[in-house]
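I have placed the structure first, in the form of structure tokens, so that the comments after it can refer back to it.
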Amino acid sequence: MRKIFLLLSLAFVHAGYSQSLTVDYIMRDPKWMGTSPSNAIWSHDSKTVYFNWNPQKNISDSLYAFAINATAPEKANANILERNNALSNAVYSAAGTQMVYGFRGDIYWTDVKTNKTTRVTQTEEQEFNPSFILNDEWIAFNKSGNIFAWHTKSGVLMQLTNIGSGGSTTGGNFNRSSAPINTLTQNGWLQQQQLDLFEVLKERKEKRDLRNEYLAKNRIVYNDTIKRIATGDKMMQGLQISPDARFVTYRLYQAPAGNKPTIVPDYVTESGYTTDLNTRTKVGNALGRFEFYVWDRQRDTLMLIKTDAIPGIQDLPDYAKDYPKRYEGKKPSSRPVAIYGPYWNATGTYAIVDIRSQDNKDRWIMQLDAATGKLVPIDRQRDEAWIAGPGIGGGNFGTRIGWVNNELFYFQSEATGYSHLYIYDTKTQSKKALTSGNYEVQELRLSKNKQYFYLLSNETHPGKQNWYRIKIDGTGKERITPWEGGYEVSMSPDEKWIAYRYSYINKPWELYVQENAPGKKPIQVTNLSMSDEFKSYNWKEPKVTTIPARDGQSIYARIYEPAPEKKNGAAVFFVHGAGYLQNVHYWWSSYFREYMFNNLLTDKGYTVIDIDYRASSGYGRDWRTGIYRHMGGKDLTDHVDAAEFLVKNYGIDKNRIGLYGGSYGGFITLMGLFTTPDVFKAGAALRPVTDWAHYNHGYTANILNEPVQDSIAYAKSSPINFAAGLKNHLLICHGMVDVNVHFQDVVRLSQKLIELKKDNWELAVYPMEDHGFVEPSSWTDEYKRILKLFDTHLSK
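Residue numbering for the sequence shown follows the numbering used here, starting at 1 and increasing by one per position.
See the structure below:
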């Protein structure tokens with residue numbers, strides 16, 4: 001009888017009857033939902049799009065290819081993609097007639113006109129980062145921590161640097177040195193003995209010294225030996241050479257000493273023994289230090305670039321005023337910085353560097369005069385909170401700087417409060433904004449002919465994206481993509497086509513191909529993102545609206561409304577994670593399980609709301625930094641204001657409002673239950689941060705500074721300090737192998753709640769789960785507990 005019932009249930013589903021949702025149903029292996037394509041990459045000839053896909057629901061995705069003139073995608077050999085990726089990252093000569101690329105650790109050079117490819121290297125060592133130098137006649141590349149160059153016409157291979165560990169970083173040894181021999185040392189005594197014994201050695205040394213003296217006076221670059229540059233015990237980063245081959249630049253990193261890593265025990269292992277995982281340090285631990293060097297090959301000089309004269313380098317942060325005794329009578333010191341780049345123009349006559357203060361409150365774009373080591377200010381971006389935003393990022397991550405021509409370079413800045421595109425003219429020393437308005441330029445690419453910028457922005461709505469092109473003078477902006485929703489765009493190498501993943505609120509990602517121009521019709525490549533079973537349920541499109549916050553700002557929200565006959569008068573907040581993340585948008589959410597669970601809650605009569613609280617992405621600088629020095633401040637009051645909005649406008653019982661969320665969402669849940677218990681009656685805190693002094697440095701120090709330097713910020717922001725305020729119902733769920741938010745966080749909070757004699761909370765642990773759960777059984781267990789919490793304490 002049970003077997004007949006199951007068969008009938010499946011028949012109803014496939015016949016188009018709406019499936020009623022259960023936690024077991026939606027939290028199983030997500031393959032049941034359908035399959036979306038990912039990682040679209042164009043072939044080098046711009047005729048084919050490669051992407052990952054799994055239409056047959058195998059154990060993992062396979063590579064597929066869609067040719068422009070094809071009618072359907074076909075399975076492709078994965079080996080094709082490896083070389084294609086290499087070709088996609090090829091570097092072209094200024095005239096576009098040559099290209100060079102790295103593939104499997106070797107360098108390849110192609111004459112574009114004849115399509116003839118020459119393998120430049122074939123070694124066991126890794127050669128990478130190729131570029132054209134010296135009027136595009138030479139190819140420079142990195143190998144074994146040094147720069148080599150290959151002549152395209154003669155095939156001559158030269159080693160241009162001799163950099164290695166050991167010795168002093170402030171100077172170097174010369175194989176051709178004529179420095180006096182110190183006979184008081186063992187090696188010096190032996191060297192002098194050799195010269196005294198052998199006339200030929202003595203004569204060769206004298207000739208070499210005379211020749212080197214002559215070459216130095218006449219500034220001749222070529223020598224048959226290479227200056228030895230020592231890096232000591234520091235790590236070299238960013239090694240590169242200028243287009244004219246005169247200047248070699250690199251950054252040295254000195255790792256901090258004495259930092260203590262945290263240990264995460266893994267209890268359930270194949271061996272039967274507990275394994276200790278060494279993970280990150282905690283916020284406030286010592287940071288490494290950077291030095292930036294320029295080696296002038298023509299003058300044979302090595303320079304450490306000094307940063308003490310950078311404008312504002314000694315500026316104290318505004319929060320220093322809260323600690324007057326700490327800074328009283330102390331002379332300000334220069335803050336440590338990291339220098340990224342340089343970004344050279346094509347001829348090597350102008351170099352730009354991107355400099356970041358280690359406290360991340362300043363970004364300087366400066367000209368580097370490589371011959372003198374002098375830094376010349378171009379643009380300073382100061383933020384008393386922290387520097388970030390699309391295209392700005394930190395260091396090389398997420399930063400967009402490039403040259404339009406030898407005089408104009410572009411970059412992004414939040415100077416207006418939103419990340420926009422700027423051009424700087426090195427001749428007139430003037431800056432011009434090419435985009436403006438209350439929206440963000442989220443992706444950016446300069447066309448190969450240097451006539452257009454292509455960009456992805458949320459110009460029409462914070463939660464809607466589109467692909468545009470704009471002339472390099474800022475005029476003639478044209479929208480290319482056709483629909484409302486979200487896009488992940490990949491442009492073909494010839495820039496005539498775009499491939500994009502597109503999705504809508506209740507429709508997962510599909511792949512499309514379109515000519516890269518306004519008004520062109522998209523070609524749909526895939527159509528299996530929703531299985532028949534998934535489509536059997538009418539997935540809701542939540543209402544996107546705005547809610548007034550107490551400070552006059554508008555909070556963007558998605559509201560799921562139940563049918564009038566099912567409405568139970570209770571409301572549930574879903575709180576997205578990551579802090580700096582957007583979830584009130586018109587594309588398919590990365591929180592697809594939570595989206596389905598919100599549908600389930602709505603079916604049961606709950607009104608569900610999801611807001612982009614203060615610190616969410618997509619809304620500019622002020623919204624991003626609204627939590628500076630007080631996490632659990634405006635981000636929490638945004639939820640409180642939204643709760644009041646639901647009570648006034650949606651008939652919600654103010655005594656039956658709950659919330660749930662993971663990571664940052666779990667943190668907000670704790671702060672809500674601990675500090676505003678009259679607003680939130682039940683909450684599920686999943687993998688929550690309970691004390692920010694125990695989280696990582698890169699994320700936390702931007703927002704709260706460091707615990708020793710700004711203890712006030714940590715005291716206000718850590719839920720463990722407010723645990724005494726718990727008076728309603730709390731569920732905590734945490735993976736025990738979480739290497740992001742450590743299980744220690746909830747262990748410490750549990751002890752605090754025990755000491756406070758609280759008995760209205762429970763903890764569910766998942767011994768084999770990291771921060772993001774993997775096993776369907778874990779997801780199912782967790783969300784059954786969440787549903788039980790709400791049904792028990794919110795539903796009448």
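Even glycine gets a Cβ: it sits at the ideal position worked out from N, Cα and C.
6 Å CB neighbourhood of residue i in its chain, flanking five on each side removed
{"i": "residue 662", "result": "577, 686, 687"}
{"i": "residue 514", "result": "498, 520, 522"}
{"i": "residue 360", "result": "386, 387, 702"}
{"i": "residue 547", "result": "555, 557, 642, 645"}
{"i": "residue 666", "result": "685, 686, 687, 688"}
{"i": "residue 706", "result": "284"}
{"i": "residue 295", "result": "248, 302"}
{"i": "residue 592", "result": "none"}
{"i": "residue 279", "result": "262, 264, 739"}
{"i": "residue 571", "result": "607, 646, 652, 657"}
{"i": "residue 777", "result": "none"}
{"i": "residue 621", "result": "414, 417"}
Counterpart residues of residue i in DSSP-defined beta bridges
{"i": "residue 336", "result": "For residue 336, which the question treats as bridged, DSSP gives no partner whatsoever."}
{"i": "residue 53", "result": "62"}
{"i": "residue 289", "result": "254"}
{"i": "residue 158", "result": "149"}
{"i": "residue 425", "result": "408, 430"}
{"i": "residue 684", "result": "660, 731"}
{"i": "residue 647", "result": "None, per the DSSP bridge assignment."}
{"i": "residue 671", "result": "Answer is none; residue 671 lacks a bridge partner."}
{"i": "residue 391", "result": "Per DSSP, none; premise fails for residue 391."}
{"i": "residue 797", "result": "In the structure displayed, the chain extends from 1 to 796; residue 797 sits before or after that span and is not available."}
{"i": "residue 462", "result": "Per DSSP, none; premise fails for residue 462."}
{"i": "residue 98", "result": "111"}
{"i": "residue 369", "result": "374"}
{"i": "residue 457", "result": "441, 466"}
Same chain, Cβ closer than 7 Å to residue i, five either side skipped, listed in chain order
{"i": "residue 674", "result": "719, 722, 723, 725, 726"}
{"i": "residue 71", "result": "none"}
{"i": "residue 787", "result": "23"}
{"i": "residue 550", "result": "637, 641"}
{"i": "residue 545", "result": "557, 559"}
{"i": "residue 784", "result": "23"}
{"i": "residue 86", "result": "101, 102, 103"}
{"i": "residue 137", "result": "151, 152, 153"}
{"i": "residue 289", "result": "254, 336"}
{"i": "residue 34", "result": "508, 528, 529, 530, 531, 534"}
9 Å Cβ cutoff met for residue i and residue j
{"i": "residue 635", "j": "residue 657", "result": "no"}
{"i": "residue 54", "j": "residue 61", "result": "yes"}
{"i": "residue 458", "j": "residue 618", "result": "yes"}
{"i": "residue 414", "j": "residue 628", "result": "no"}
{"i": "residue 463", "j": "residue 584", "result": "yes"}
{"i": "residue 273", "j": "residue 767", "result": "no"}
{"i": "residue 450", "j": "residue 404", "result": "yes"}
{"i": "residue 795", "j": "residue 605", "result": "yes"}
{"i": "residue 391", "j": "residue 412", "result": "yes"}
{"i": "residue 27", "j": "residue 145", "result": "no"}
Cβ separation of residue i and residue j, assumed to be a contact under 8 Å, to the nearest whole Å
{"i": "residue 117", "j": "residue 123", "result": "The Cβ separation is near 17 Å, so there is no contact."}
{"i": "residue 125", "j": "residue 142", "result": "Contact flag wrong, Cβ pair sits at about 10 Å."}
{"i": "residue 358", "j": "residue 376", "result": "About 22 Å; that fails the 8 Å criterion."}
{"i": "residue 479", "j": "residue 444", "result": "Incorrect: roughly 16 Å between the Cβ atoms, too far for contact."}
{"i": "residue 246", "j": "residue 238", "result": "No, residue 246 and residue 238 are not in contact; Cβ-Cβ is about 17 Å, not under 8 Å."}
{"i": "residue 76", "j": "residue 64", "result": "6 Å"}
{"i": "residue 697", "j": "residue 114", "result": "Going by Cβ atoms, the distance from residue 697 to residue 114 rounds to 52 Å, so no, they are not a contact pair."}
{"i": "residue 100", "j": "residue 130", "result": "4 Å"}
{"i": "residue 243", "j": "residue 344", "result": "6 Å"}
{"i": "residue 428", "j": "residue 350", "result": "With 8 Å as the limit, residue 428 and residue 350 do not qualify as a contact, their Cβ atoms being about 14 Å apart."}
{"i": "residue 508", "j": "residue 529", "result": "4 Å"}
{"i": "residue 631", "j": "residue 588", "result": "Actually they are not in contact, since the Cβ atoms of residue 631 and residue 588 sit about 28 Å apart, beyond 8 Å."}
Beta-carbon proximity list for residue i, same chain, < 8 Å, skipping 5 on both sides
{"i": "residue 728", "result": "673, 677, 680, 681, 682, 683, 760, 793"}
{"i": "residue 586", "result": "461, 463, 464, 484, 485, 486, 504, 505, 544"}
{"i": "residue 41", "result": "49, 50, 51, 81, 84, 85, 88, 490"}
{"i": "residue 91", "result": "99, 100, 101, 130, 131, 132"}
For the stretch 495-558, list the beta strand (DSSP E) runs that are entirely contained and at least 3 residues long, ordered along the chain. 497-504, 507-515, 543-548
Exercise. What are the start and end residues of each continuous beta strand (DSSP E) run of 3 or more residues lying completely inside the stretch 224-270, in chain order?
Worked result: Whole beta strand (DSSP E) segments, 3+ residues: 228-230, 235-241, 247-254, 263-266.
Practice prompt. May I have a chain-ordered list of the alpha helix (DSSP H) segments no shorter than 4 residues that lie completely inside the stretch 736-789?
Written response: 744-755
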